[in-house]
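So the sequences go chain by chain: L and C.
Residue numbers 595 to 1132, in my numbering, belong to the letters of the first sequence in order.
Residue numbers 595 to 1132, in my numbering, belong to the letters of the second sequence in order.
There are 2 protein chains.
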Amino acid sequence: MEGLMQRLPLSIPMIVRHAERMHSRKTVTTRTDDGVKVATFAQVLERARRLATALRSIGVGPDDRVATFCANHQEHLEAYVAVPSMGSILHTLNIRLFDKDLAHIVEHAQDSVVIVDKTLWPAWEKVASRVSCVRCTIVVDDATGSGPDNTLDYEALLAEATPSGFDEDIPEHQAAALCYTSGTTGLPKGVLYSHRSNVLHSMTVCLSGSLGLHESDVVLALVPMFHANAWGLPYACLMAGADLVMAGRHTAPEILTGLLVQHQVTFAAGVPTIWQGMLQSMTRAKGQLGKLERILCGGSAVPLGLQQAYHREVGVRLIQGWGMTESSPIASLSFPLRAHDGLAPPELDGVLNSQGRPPLGVEVRLVDEAGKLLPWDGRSVGEILLRGNWVASGYYLDAAPEKFSDGWLRTGDVASIDPDGYIRICDRIKDLVKSGGEWISSVQIETSLMSHPDIVEAAVVAVAHPRWGERPLACVVPRADAKGRLSKDILLDYLRPLVAKWWLPDDIIFLDQLPRTSVGKFDKKALRERFKDHPLPS
Amino acid sequence: MEGLMQRLPLSIPMIVRHAERMHSRKTVTTRTDDGVKVATFAQVLERARRLATALRSIGVGPDDRVATFCANHQEHLEAYVAVPSMGSILHTLNIRLFDKDLAHIVEHAQDSVVIVDKTLWPAWEKVASRVSCVRCTIVVDDATGSGPDNTLDYEALLAEATPSGFDEDIPEHQAAALCYTSGTTGLPKGVLYSHRSNVLHSMTVCLSGSLGLHESDVVLALVPMFHANAWGLPYACLMAGADLVMAGRHTAPEILTGLLVQHQVTFAAGVPTIWQGMLQSMTRAKGQLGKLERILCGGSAVPLGLQQAYHREVGVRLIQGWGMTESSPIASLSFPLRAHDGLAPPELDGVLNSQGRPPLGVEVRLVDEAGKLLPWDGRSVGEILLRGNWVASGYYLDAAPEKFSDGWLRTGDVASIDPDGYIRICDRIKDLVKSGGEWISSVQIETSLMSHPDIVEAAVVAVAHPRWGERPLACVVPRADAKGRLSKDILLDYLRPLVAKWWLPDDIIFLDQLPRTSVGKFDKKALRERFKDHPLPS
Chain L
595 MEGLMQRLPL SIPMIVRHAE RMHSRKTVTT RTDDGVKVAT FAQVLERARR LATALRSIGV
655 GPDDRVATFC ANHQEHLEAY VAVPSMGSIL HTLNIRLFDK DLAHIVEHAQ DSVVIVDKTL
715 WPAWEKVASR VSCVRCTIVV DDATGSGPDN TLDYEALLAE ATPSGFDEDI PEHQAAALCY
775 TSGTTGLPKG VLYSHRSNVL HSMTVCLSGS LGLHESDVVL ALVPMFHANA WGLPYACLMA
835 GADLVMAGRH TAPEILTGLL VQHQVTFAAG VPTIWQGMLQ SMTRAKGQLG KLERILCGGS
895 AVPLGLQQAY HREVGVRLIQ GWGMTESSPI ASLSFPLRAH DGLAPPELDG VLNSQGRPPL
955 GVEVRLVDEA GKLLPWDGRS VGEILLRGNW VASGYYLDAA PEKFSDGWLR TGDVASIDPD
1015 GYIRICDRIK DLVKSGGEWI SSVQIETSLM SHPDIVEAAV VAVAHPRWGE RPLACVVPRA
1075 DAKGRLSKDI LLDYLRPLVA KWWLPDDIIF LDQLPRTSVG KFDKKALRER FKDHPLPS
Chain C
595 MEGLMQRLPL SIPMIVRHAE RMHSRKTVTT RTDDGVKVAT FAQVLERARR LATALRSIGV
655 GPDDRVATFC ANHQEHLEAY VAVPSMGSIL HTLNIRLFDK DLAHIVEHAQ DSVVIVDKTL
715 WPAWEKVASR VSCVRCTIVV DDATGSGPDN TLDYEALLAE ATPSGFDEDI PEHQAAALCY
775 TSGTTGLPKG VLYSHRSNVL HSMTVCLSGS LGLHESDVVL ALVPMFHANA WGLPYACLMA
835 GADLVMAGRH TAPEILTGLL VQHQVTFAAG VPTIWQGMLQ SMTRAKGQLG KLERILCGGS
895 AVPLGLQQAY HREVGVRLIQ GWGMTESSPI ASLSFPLRAH DGLAPPELDG VLNSQGRPPL
955 GVEVRLVDEA GKLLPWDGRS VGEILLRGNW VASGYYLDAA PEKFSDGWLR TGDVASIDPD
1015 GYIRICDRIK DLVKSGGEWI SSVQIETSLM SHPDIVEAAV VAVAHPRWGE RPLACVVPRA
1075 DAKGRLSKDI LLDYLRPLVA KWWLPDDIIF LDQLPRTSVG KFDKKALRER FKDHPLPS
C-alpha cells in the first residue's frame, strides 16, 4: 500500500522556489578586477530566469548540453540554476585541462552551447578549433574590452530576455549536470548527475552533522565550480540561505584572504594547494578572522603538517573531505565525534587527518580482491565501494562495468576503516605495489620521502620483478641546493625507521621534475611506462 | 534524459543501516519505575530486528497495521523501526482519547495486532471490548506483576526470535505509518506517512537551519510518540546519532527536569502544557542545565509569557514549532535569522512567538476565500495552504476533497505572513467570526480575556446575527474567588483598549467550566451548538 503523501520532484526548481521565497535578501558576492560585485538571491534568480529565456531563444531544448568554461562567479551560479531548471544539462568544463582533453570531452558530450569568460577566450579558442558540435558561444564580460567576434554577449542576452518560468514538474531522475572525471586511468568519463542526486547531496551538505550550512553562514567557495559540482556548495547555499562569496578569476593568496576578512566568512572550502598557498597571508590575518569557524579541504590528501599549521598559526581546524566526481562528490568528512571531546592533539590529528566518516546517504563497504567484505577494525585494508543516491551508476555513453559491482561503485581507493567509521586511504589500487602477494602503499613511501627536508617531490611506482612480482621504485626531486649531498643510501637510511623493511624501494631515481597530469597530479602512468624496464638491483 | 545515479529507496531501512554502521554506540535511555534503562543503538536495532521476526511469526504481513498503545520508551522506538522496515504499517494510537474514539480509529484502520503497555491495560481493555479486528495483543512489561490473560509478552517474543533482515528494497512510496488527527471538526482522519515522507522530514529535522540534530546532541523527547510522528524525533535521532532520552510513563515535572539534568540534555521537545508545568522545577535546576541549548515547543500556540519566563528564569529560549498531523508535522519553526542579531527583546519576542518560517521542503501559500494568492506583507490575512513531500495528499479511506486544493493541503489555519516568511496564525478558519463581511479572530479576543487576572479560561464563538451575519459571544470561566466581583461590563471595559471596537463580544456568559475535546482543547463545536439560539442584545 502506498502512503498518502504529496509527491513533489526533488529538483533544482524546488531549491529555487525555496530560495526565492525564504532567502531572497541573501547575497552573492563576486571579486572583480576593480572590487566586488554584490547581488541578492532575488536578483541572481531573476537573472537565471532571464538566462533560461535567452537560452531557449537560441534553441536550447530539453537534454541539450550547455557547457561552462568559467571561473567562480555570479554568472556561473546563474547557469547552475538556469540550465537544469529548464530541463537542459549543465556541463562544467575544467578550464585547466589540456586543449585536446577538453576537445575530446566537448565532442563526447556534444555540447551545443558554451558560456565562456572573456578572459578565458584565448584558451577556449584553441578548444573551439578542434570541435564541431558547439554552435553558439556566449561570452561573460569579466574584463574590459569588447568580446570576440561571432559570439553572444551574456549581459546583452539577459537584457533582452524576460524572466522565464522553470520546469516545476521536471521528473526528479532527469539529468541535471554533467562533469567529467580527470581520467588518470584512461579517457575522461562523464558523470551525469540527476536533479534528485543534487538535491539529496545538497541537503546532506546542510545537515548539522555534516557541513551544516546555515542561514547565518557566509561561504567562500574556493573550490572551482567545474570541480565535481563545486562540492555541492552552490545549491547548498541557495537551500540554506547562506551568503556566497566567490573569487572570480583571482587566485592571489592575499586577495583570497582579503575576501575572508572583508566578508566575515564563516565557512570556506578549497583544495590543499590553495590552503597551502594562503597559509602565510592567513597567519597574518589571524586576528581578523573572528567569524571563520570551519575550513573544508579536499580534492587530494590533506597533509597533516598543513592541518597542524592552520590550527597553530590561524586558529582554525581544516576538516578533510573525501570523495570523487562519481560521488557528487561528498563521500566522507573528518569531523570529530562527541567522544573525541578533550582528545589530545596527536590523537585528534589522527581523526582530523583521516578521510573521515560517510554522512547519511552514503554507504561504504570495504572488500578484498575477491570482493569479500572486510571488517571495520582499523587494520584490514581493501578497496572501498560506495553506494548512495548521489553515487554514479554508470558513465555517460560508457557503461564501464568494471567500475560497478552489484550496485556499488568501485572507487579504486584502498583503505582501512576503523570501528567508528573513519576511513583512512592508503593508496589508489592501481598505484599499489604488489610484492610477494602483499600490498605496499606507494603513497605512504612517498609521504615518508617528502618529509625529508631535502626532497621536494616523490612518486613511487611498481616495477616488474622476477621473484616478487613487483617491487617499488622511487622517483624523487631534490631541492636545488641539495643535489650534491643526497644519495640513494642516505634516503634509504632515512626511510628505514619510517616504513617496513620489505617496503624499502629497490632503487631511487633522482629527477629534475615529475611528470604531471592535466589536473596537476603526479603522472604515475607516465613514470610506470618510462621505467617499466628499469633494472632493479638484485 | 535520465541521470546516471544510483537509486536507493528513501526508507526506514536506509536510516537503520546508517545508524547501525555509524552510530551503534549511541544510546537510548528510558525512565522506568526504578531508575533508567539504557541501551545502545546496536542493541535497540538488534531488538527491532527480533521484533520483526516475532511479528512475522504471528502472521503480520505486508501492509498489515500494527498499533501501539504505549508511552515513550525503548520498546516503542523498536516498533517505530521494526514495523515499517518489514513492510507493515505502524499505527500509533493516542492513549488519551476516549474509548469510543479509539475504537472507531482501531476499526477504521483495521489494526490486527496491538502493542500495549501493561500499565495502560485497563484503558486498552475498554477499547478492546468494542473492536473485533485485533487478533493479537502484545504486552510491554513496564510494571511489575504478570500480564493479562490471552496476550503475548513482548520480551518473551523477542527472546524466542532471531534478528531478521529488513526489506532493503522497499519502494519509497510504501506506507510506513498511520496517525489519526484528533478530529475536532468531525471524525478522526488517518494520515498515512510513506517511507519517503519520513526520511525527507527527518532529514529536514537534522538540517542545520532547522532543529539541527547532531551527533553531539542528547535529545529529550517529551512529545508523545503517538503525537504526529513524535515530531520526527525518533528517526531523526537515529539518523543524526543523537542520544535519545524518554520519560516512559512518568510525567511529574521534577522527574522530567531530573532527566534534563542527569543526562545533560541539549535539545528537548514538548507541548506548551508540559513546559508550563515544568517551569518551577526548571527554574530551580537553572544552574545544572549547562548543556541545554534549545527547547522546541509546539502542538498548540505557545504563550508569550511562557517564552519570556523560560528566557528569564531558565536561561533557555523556547522555539515555537507549527504543524499538524497532516504535515508530519513540522511545517514551520520560529528560529531567528542572522538579521535579528542584536534585536531588542520586544522585537525578538515578536519573532520567537510567531509560528516561524517553513524549512526547506515545505511550501506555503496564503489565500483569500476565493483562493486568490495574498501577499506576504505581514498584514494580509488568509488561509494557509501547504505543499511538500511530507504533507498529506489525502486521508486513509477518506478522500476529503474539501481539504485538498490543486495539490495543496488546506490547513484551516488563518494567518498573516511577513516578508521574511514568518507565519502568524490568527485563528482556525472555522472559529473565525464573520461580522459584516469582515473576520474577527476568536483567538485574539480569548487571549485578551485570559490576560485578565480573574479569568481562568475563555472561548469565543460565533452566533448568528440578523444584521451582521455573525457576532462574537464570549464564554468565560472566572477564578473561584472572583465570581462575585466580575460582570459583563467590567470585562468589556477591560477589553476596550485591547481589541477593535467592533470586535467586542455582543455578550459574555459566565460558566463553571468549558467543554473540552478528547485531546483537551476547548470544544468550540459544543459551545456553538449550545448557544446557537442565544439571544444577542440588539
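Idealized CB from N, CA, C, for every residue including glycine.
{"query": "Per-residue DSSP class, three states only, for D657/L", "result": "coil"}
{"query": "Members of the region 798 to 819 of chain C that neighbour chain L once the beta carbon cut-off is set at 7 Å", "result": "C800, L801, S802, G803, G806, L807, H808, E809 and S810"}
{"query": "Alpha helix (DSSP H) runs contained entirely in the region 733 to 765 of chain C, provided each spans 4 or more residues", "result": "748 to 754"}
{"query": "Whole-angstrom C-beta distance between V896/L and T877/L, which should lie under 8 Å", "result": "T877/L to V896/L, Cβ: 18 Å. No contact."}
{"query": "C-beta neighbour in chain C for M876/L, strict 8 Å", "result": "no"}
{"query": "DSSP state of H808/C mapped onto helix, strand, coil", "result": "coil"}
{"query": "Whether G784/L touches L772/L by CB criterion (8 Å)", "result": "yes"}
{"query": "Near the ligand SAH: G899/L beta-carbon under 7 Å from a heavy atom", "result": "By its list of ligands, the structure shown contains no ligand whatsoever, and the ligand SAH lies outside what it can speak to."}
{"query": "Pair within 8 Å by beta-carbon distance, A1074/C and D1048/C", "result": "no"}
{"query": "CB contact below 8 Å: E957/C versus chain L", "result": "yes"}
{"query": "Where A646/L falls, given that 16 or more other Cβ within 10 Å makes a residue buried", "result": "buried"}
{"query": "Local conformation of D695/L per DSSP, three classes", "result": "helix"}
{"query": "Distance, V1037/L Cα to V555/L Cα", "result": "Limits of chain L in this structure are 595 at one end and 1132 at the other, which puts residue 555/L out of reach."}
{"query": "Beta-bridge partners of H1059/L, as assigned by DSSP", "result": "G1063/L"}
{"query": "Beta carbon proximity, W916/L to chain C, threshold 8 Å", "result": "no"}
{"query": "At least 3 beta-carbon pairs within less than 8 Å: the region 708 to 726 of chain C vs the region 680 to 696 of chain C", "result": "yes"}
{"query": "Chain C within 8 Å of Q856/L, Cβ atoms only", "result": "no"}
{"query": "Touching by the beta-carbon criterion (3+ pairs, under 8 Å), the region 674 to 688 of chain C and the region 635 to 652 of chain C", "result": "yes"}
{"query": "Start and end residues, alpha helix (DSSP H) containing H670/C", "result": "Q668 to S679"}
{"query": "Spatial distance of D705/L from Y774/L (CA atoms)", "result": "13 Å"}
{"query": "Top-ranked residue by Cα proximity to F1116/C, from E1040/C, P1060/C and H1059/C", "result": "E1040/C"}
{"query": "Three-way DSSP call (helix, strand, coil) for W715/C in this model", "result": "helix"}
{"query": "W715/L versus L954/L - alpha carbon distance", "result": "41 Å"}
{"query": "Separation of K620/L from D761/L, as counted between CA atoms", "result": "24 Å"}
{"query": "C-beta atoms of S1134/L and P782/L nearer than 8 Å", "result": "Residue 1134/L is absent from the model: chain L starts at 595 and stops at 1132."}
{"query": "Counterpart residues of A1068/L in DSSP-defined beta bridges", "result": "V1054/L and I1102/L"}
{"query": "Residue-chain proximity (M680/C, chain L), Cβ-Cβ < 8 Å", "result": "no"}
{"query": "As assigned by DSSP and simplified to three states, the class of A633/C", "result": "strand"}
{"query": "Selected residue, minimal CA-CA separation from G852/L, among D1014/L, S875/L, S740/L and P940/L", "result": "S875/L"}
{"query": "Neighbour list for D657/L in chain C, Cβ cutoff strictly below 8 Å", "result": "M595"}
{"query": "Close-in-space but distant-in-sequence residues of the same chain around R643/C (CB under 6 Å, 5 per side omitted)", "result": "P757 and S758"}
{"query": "DSSP-derived helix/strand/coil call for C831/C", "result": "helix"}
{"query": "First through last residue of the alpha helix (DSSP H) which encompasses H612/C", "result": "I606 to M616"}
{"query": "DSSP bridge partner residues for T621/L (one or two, in chain order)", "result": "T634/L"}
{"query": "Sequence-distant residues of the same chain with beta carbon closer than 8 Å to Y990/L, five excluded per side", "result": "H702, A703, L772, K783, G784, V785 and L786"}
{"query": "Q768/C - partner residues in DSSP beta bridges", "result": "E596/L"}
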